[in-house]
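J.: Under this note's numbering, the residues of the sequence shown are numbered 16 to 216, in order.
This structure is in structure tokens; I'll ask about it shortly.
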Amino acid sequence: MSQFIEVAAALVMAEPRLAAFLRAPVAPPSAWAAEEWAGVCEPWRDGAVRRRYRDELAGAVEACDNWADGDHAGLLRGLDDGDGGLTIGHDPAGGSLTVDFAARVDFELPSLIWAFSVLRGMAAFMADEDAGLVTVTADWDETPVLMLLGPNRSSFLDRTRDAAAWRRARDMEFDVRCAVSEADADTDGSATRTVERLLGG
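Have a look at this one:
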């Protein structure tokens, strides 16, 4: 039986910086140190899974490097062409952006790392009050794994240790999704068309 992950991202980012991100090459996961990926191993309820992921982490990051190819716009177009049901919503007035898709999993930990890599590079293009939350949920556990994005920083959130930051991030996500919904974004149903518009096409 196939396994899947669901990715849900809510972000606020000025449109010129968002366009620059879309044009930029996808950074390989090894662009971040192994300890910066350690948070992806921790939220799981099953202690055996946590230990296995810790043991596999270095190899999983290295394996994912082979999956980084092209620019972010091309990566999103590819997701739109696939069966992941990519949807992108955008509120031009406030810079709110939502990105949602699902992906089939062949290898658990590498797939989780890849899912975060789709948007983790956005932090390098953020400035001022830009911020984002990327949530990945795996169907074999249903535990949400959260990554917070800000200007030149990205970090995983621990629900216990980072309780206040977790709540603020969820509040921000709610506000972003409300703004996108009120803007009636992506009305034609085409994520690729939204990407092209953000690129100025």
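Don't be surprised by glycine CBs; every beta carbon is placed ideally from N, CA and C.
Remember, it's a predicted structure, so these values are computed and weren't measured experimentally.
State buried or exposed for Gly-62, treating a residue as buried only when at least 16 other CB atoms are found within 10 Å of its CB.
T.: In the sequence shown, residue 62 corresponds to position 47, counting from 1. That one is exposed.
J.: Contact defined as beta carbons within less than 8 Å: I believe Glu-57 pairs with Arg-65. What is the distance between those atoms, to the nearest angstrom?
T.: As a working mapping, residue 57 is identified with position 42 in the sequence shown. As a working mapping, residue 65 is identified with position 50 in the sequence shown. Rounded to the nearest angstrom, the Cβ distance from Glu-57 to Arg-65 is 6 Å, consistent with a contact under 8 Å.
J.: How long is the line joining the alpha carbons of Val-55 and Ala-46, rounded to whole angstroms?
T.: On the sequence shown, residue 55 is found 40 positions in, with the first residue counted as 1. On the sequence shown, residue 46 is found 31 positions in, with the first residue counted as 1. Val-55 and Ala-46: Cα-Cα distance of roughly 16 Å.
J.: Quick check on the DSSP output: the beta strand (DSSP E) that includes Ala-24 runs from which residue to which?
T.: Along the sequence shown, one-based indexing puts residue 24 at 9. Note, Ala-24: beta strand (DSSP E), 18-27.
J.: Taking the alpha-carbon positions, what's the Gly-109 to Asp-70 distance?
T.: Here residue 109 refers to the residue found at position 94 of the sequence shown. Here residue 70 refers to the residue found at position 55 of the sequence shown. Roughly 42 Å between the two C-alpha positions.
J.: Count the other CB atoms, across all protein chains shown, that sit within 10 Å of the CB of Thr-209; report buried if there are 16 or more and exposed otherwise.
T.: Taking the sequence shown and counting its residues from 1, one reaches residue 209 at position 194. The residue is buried, with at least 16 neighbouring Cβ atoms inside 10 Å.
J.: Tell me whether Cys-79 is buried or exposed, calling it buried when 16 or more other Cβ atoms sit within 10 Å of its Cβ.
T.: The residue labelled residue 79 in the question sits at position 64 within the sequence shown. Counting Cβ neighbours within 10 Å, Cys-79 comes out buried, since at least 16 surround it.
J.: Measuring alpha carbon to alpha carbon, tell me which of Ala-73, Ser-111, Pro-44 ends up nearest Leu-33.
T.: Position 18 of the sequence shown, counting from 1, holds the residue named residue 33. If we check each option's Cα against that of Leu-33, Ser-111 comes out closest.
J.: Check this for me: beta carbons of His-87 and Leu-37, under 8 Å apart or not?
T.: As a first step, residue 87 is located in the sequence shown; it is residue number 72 there, counting from the start. As a first step, residue 37 is located in the sequence shown; it is residue number 22 there, counting from the start. Cβ atoms of His-87 and Leu-37: closer than 8 Å.
J.: Just the C-alpha distance for Val-120 and Ala-130, rounded to the nearest angstrom, thanks.
T.: Position 105 of the sequence shown holds residue 120. Position 115 of the sequence shown holds residue 130. Looking at the two C-alpha atoms, the distance is approximately 10 Å.
J.: Could I get the ranges of all uninterrupted alpha helix (DSSP H) runs contained in the segment 177-207, with 4 residues as the minimum, in chain order?
T.: 178-197
J.: How long is the line joining the alpha carbons of Leu-107 and Leu-213, rounded to whole angstroms?
T.: Here residue 107 corresponds to residue number 92 of the sequence shown, with the count starting at 1. Here residue 213 corresponds to residue number 198 of the sequence shown, with the count starting at 1. A small correction: the amino acid at residue 107 is Pro; Leu does not occupy that position in the sequence shown. Roughly 9 Å between the two C-alpha positions.
J.: For Gly-89, which residues of its own chain have a beta-carbon under 6 Å away from its beta-carbon, when the five flanking residues on both sides are left out?
T.: Here residue 89 corresponds to residue number 74 of the sequence shown, with the count starting at 1. So the list is empty, once near-sequence residues are dropped.
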